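Read through the structure below, which is laid out as structure tokens, and then see the notes.
2 protein chains.
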Amino acid sequence: MSPRPRLDHVRRPAILAAAADVIRERGLENARIADVAERARTSPPSVLYYFSSKAELLKEALTSAEEQFYVEMEVELAELESACDRLIRIIDWSCNAEDYDAALWMELWPRALRDPELADTRAELDTRWRTAIADVVRYGQERGEFGAADADEFAVLLAALLDGLAVQIALRDTEVTPERVREMCLRLAERELGCELLVASHG
Amino acid sequence: MSPRPRLDHVRRPAILAAAADVIRERGLENARIADVAERARTSPPSVLYYFSSKAELLKEALTSAEEQFYVEMEVELAELESACDRLIRIIDWSCNAEDYDAALWMELWPRALRDPELADTRAELDTRWRTAIADVVRYGQERGEFGAADADEFAVLLAALLDGLAVQIALRDTEVTPERVREMCLRLAERELGCELLVASHG
DNA sequence: AGGTTTCTTGAACCGCCGTTCAGGTTTGGC
DNA sequence: GCCAAACCTGAACGGCGGTTCAAGAAACCT
Chain A
341 MSPRPRLDHV RRPAILAAAA DVIRERGLEN ARIADVAERA RTSPPSVLYY
391 FSSKAELLKE ALTSAEEQFY VEMEVELAEL ESACDRLIRI IDWSCNAEDY
441 DAALWMELWP RALRDPELAD TRAELDTRWR TAIADVVRYG QERGEFGAAD
491 ADEFAVLLAA LLDGLAVQIA LRDTEVTPER VREMCLRLAE RELGCELLVA
541 SHG
Chain B
341 MSPRPRLDHV RRPAILAAAA DVIRERGLEN ARIADVAERA RTSPPSVLYY
391 FSSKAELLKE ALTSAEEQFY VEMEVELAEL ESACDRLIRI IDWSCNAEDY
441 DAALWMELWP RALRDPELAD TRAELDTRWR TAIADVVRYG QERGEFGAAD
491 ADEFAVLLAA LLDGLAVQIA LRDTEVTPER VREMCLRLAE RELGCELLVA
541 SHG
């Protein structure tokens, strides 16, 4: 009279992770259910047992991967005492093509243009991203590390700049290297927030 | 003994324009040959008469649209005397979602990740974009409009920033409006180049 | 008019997946 | 051991859409 226990909580995340891998590797438009199944060591019908359609699967894979990223970021940031360190950490993340999944963002953007649901999650994630930056700025101002500046304005600026630069890095632009980006962003933050970052970071 | 004259020079551009429209409207992954044919008022086989495959057609549509944009930009910029006006024009372009085809860029980026040919054109176009900015900066410095600054560094910074912001604008982010972006970028340029732009522009 | 080349297109072809189905296997409880 | 529910999967289905074909129409020349 008692059923077999559900496996959702194990299988779904595993399949989502596999899907994210496939998207990174082959791109969203070339991602096939068969690829995801193979990487998750199962069969296509099994994948569809947990996700009602390919579209749903890929959408959720995209958004959940991004969400995980922010959760990790928020945790790690909270562990750093100094606001300067936090800001440096944010910048370092974006410069590291692997950590900051620019590839996934690049797939998400054009779809968000047409899928209202994706558009909403995108907006939400971006707000989280900017809020994280703005919070660091305010935190630094409270601690006297940063001078006066509009935290929200700075957040929009830095978030967009990091996005743009991360794209170039992901595309392996010869003129936009991670090191150069790092230095550029740190310098910009110094000027805007009136603090010392290049020294603190390691130079 | 004499053949019918070729129509390539007329049909190809027309089809490419139709393809760019379809991409903007439906996205690259949903663009069908039938859509392009319809918009170009012809038939699918006819499209394939001028382009050897769908992949080739879409690739060329993407890159040629971007290229046209830069040609127009360079012409228009050259017509402006003042370096400040030129810089303002560049920023205004990026804020205008229609002129600066962020939608096409967003489609181009993830593909450039996997298609070496697209990657090359992308790199070339971005170089052109940055060079245009750097040239304006140097021009302004010669004319005494701008203070000392590393023109190439500034170009990388502004180009990436405008890319990132243009994405947000294209996605109709409620916090990143064209007006706000315009002001933010002008202010940044003022600080970095030591000049007055907000006054000159219209405020 | 006739000949040559270019262009056009309706119809058919074909491969590739997403999806469904039908039957099986596992798991846990009585 | 038997039942019920959850899971799995090989095989088949079906549609969409890129591509090809073959036959014709249009343009230009002599």
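Chains as they are written, first to last, in our numbering: chain A, 341 to 543; chain B, 341 to 543. We put the CB at the ideal spot given by N, CA and C, even for glycine. In this text the structure is predicted, and so the values were computed from the model without any measurement.
Contacts with chain B at 7 angstroms (Cβ-Cβ) include residue 449 of chain A. Look at residue 484 of chain A: its C-beta is not under 7 angstroms from any C-beta on chain B. Taking CB atoms only, residue 446 of chain B has a neighbour in chain A less than 7 angstroms away. Inclusion of residue 516 of chain B and residue 508 of chain B in the CB contact set at 7 angstroms is warranted, their separation being smaller than that value. Proximity to residue 474 of chain A across A/454, A/457, A/441 and A/430 peaks at A/430, based on C-alpha coordinates.
Assignment of residue 516 of chain A by DSSP, reduced to helix, strand and coil, places it in the coil class.
Think of a sphere of 8 angstroms around the beta carbon of residue 443 of chain A: the chain B residues whose beta carbon falls inside it are 450 and 453, in chain order. Shown here, residue 458 of chain A sits in a helix according to DSSP, grouped into three states. Straight across, the Cα-Cα distance linking residue 433 of chain A with residue 419 of chain A is about 15 angstroms.
Residues of the same chain with a CB within less than 7 angstroms of the CB of residue 362 of chain A, apart from the 5 flanking positions on each side, are 371, 375, 376 and 379 in chain order.
Per DSSP, the continuous alpha helix (DSSP H) segment holding residue 409 of chain B begins and ends at 394 to 418. In its chain, beyond the 5 residues on either side, no residue has a beta carbon closer than 6 angstroms to the beta carbon of residue 449 of chain B. Under the 7 angstroms criterion on CB atoms, residue 511 of chain B is classed as interfacial with respect to chain A. C-alpha of residue 356 of chain B to C-alpha of residue 490 of chain A: approximately 45 angstroms in a straight line. At a Cβ-Cβ threshold of 7 angstroms, residue 405 of chain B and residue 360 of chain B count as neighbours. Collapsing the DSSP output to three states places residue 436 of chain B in coil. Residue state for residue 352 of chain B is assigned as helix, using DSSP reduced to three classes. By the C-beta criterion, the region 521 to 534 of chain A is judged not to be in contact with the region 406 to 413 of chain B, since fewer than 3 inter-stretch pairs fall below 8 angstroms. For chain B, the residues of the region 490 to 518 of chain A that bring a beta carbon within less than 9 angstroms of one of its beta carbons are 492, 493, 496, 497, 499, 500, 501, 502, 503, 504, 505, 506, 507, 508, 510, 511, 512, 513, 514, 515 and 516, in chain order. For residue 426 of chain B, the CB contacts under 6 angstroms within the same chain, skipping 5 residues up- and downstream, are 417, 420 and 476 in chain order. Between residue 483 of chain B and residue 423 of chain B, the gap from beta carbon to beta carbon is short of 7 angstroms. Contact annotation for residue 534 of chain B against chain A: no contact, minimum CB-CB distance about 12 angstroms [criterion: below 7 angstroms].
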